[in-house]
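A short write-up of the structure that comes next.
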């Protein structure tokens, strides 16, 4: 076996930087044999178009996705998850409009369900939103590189984020189905439980709720309602949100008789602010375009954050460790499609591509 040449490897990495392909971190140089190993994991033509951004006249193909997944540091066997993630994001209305270029700099939230979590080593327990796991980190990064290199959306060019979101291309979690009291998120999205699948949407930001001392479901939900209803997060008449519950919080709620539907109903009824609260923030009225400002129109229900208890307005998942009552509120960029995308099984191909 030939010893790796670190100087040649460094030169290849620097070449990737020189081409403008990098998101700031080193890339894996995408050789033809490596990209072919990615393509071998899926039954799809390399030139199949899987994404279009009409305003930029740019298209994504399976091969271009494979090249960027390779550069992101994915293993070839991750590629079916990358494609399922991309398909889930394409289903979101915002990604076909201006979502990737928005001034808020939204981040994809990727939730993985089913056997693929263990097969490929996705983290579903402690540190679910943090670093340290190759599958989580590189699948999310692959999406960012596709947006950058295929759509051409670079910071200071077509990307218009005012400040952006920390971790914009790194929020990939696996659901902790084993400690969740509810069915998998993907089952809500139409994929049978026990099937590998991905759900995804765009987020504006994440905010933790630390409540480890109450045994009351309503007190716990009141804490979440307060966080969700923060006036700084309100831009339009209504908003959408999500919660990634830790197992401890999810089990407390389930023990009190709350399923996902009951959680959504309770929060839809309690998430909001008084007119005086909104007035202090200069958001007590609505303009003709539905944007909040001072002293505009006040239609019925304008002080409610969630327009209804529909699941498209409130994504609920379970991830993390059962070691403290700490959960994460996520702010959806717009409504979530509610759909999940299956990850096709390619066991034979995966055996062929593993080194």
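Residue numbers (our numbering): 192 to 546. Cβ coordinates follow ideal geometry from the N, Cα and C atoms, glycine included.
Check	Outcome
3 or more residues per run - each beta strand (DSSP E) lying fully within the region 222-306	240-244, 249-252, 298-304
Stretch pair the region 496-507 + the region 260-275: three plus CB contacts closer than 8 Å	no
C-beta contact flag for residue 305 and residue 371 at 8 Å	no
Through-space distance from residue 401 to residue 247, alpha-carbon basis	42 Å
Coarse secondary structure for residue 507, derived from DSSP in three states	strand
First and last residue of the uninterrupted beta strand (DSSP E) at residue 433	432-436
Burial state of residue 443 (16 or more Cβ within 10 Å)	buried
Contact under 8 Å by Cβ, residue 464 with residue 505	no
DSSP beta-bridge partners of residue 346	350
Neighbourhood of residue 239 by C-beta, 8 Å cutoff - its chain only, sequence neighbours within 5 removed	252, 253
Chain-order list of residues whose beta-carbon lies under 6 Å from that of residue 264 (same chain, five-residue window excluded)	219, 329
Check whether residue 364 and residue 326 have beta carbons under 8 Å apart	no
N-terminal and C-terminal residue of the beta strand (DSSP E) that residue 362 is part of	Looking at the DSSP string, residue 362 is not in any beta strand (DSSP E), and its letter there is neither H nor E.
From 430, 342, 490, 208, residue whose alpha carbon lies closest to that of residue 249	342
Inter-stretch contact (C-beta, 8 Å, three-pair minimum) for the region 376-396 and the region 276-292	yes
Distance between beta carbons of residue 360 and residue 332, contact taken as under 8 Å	5 Å
8 Å Cβ cutoff, residue 397 in contact with chain D	In summary, chain D is missing from the structure at hand, where a single protein chain is found.
Which listed residue (474, 242, 346, 234) has its alpha carbon closest to that of residue 428	474
Option nearest residue 338 by Cα separation, candidates 286, 404, 483, 527	286
Proximity below 8 Å, CB of residue 489 to CB of residue 426	no
Opposing strand residues paired with residue 533 [DSSP bridges]	388
Residues that DSSP places opposite residue 218 in a beta bridge	Answer is none; residue 218 lacks a bridge partner.
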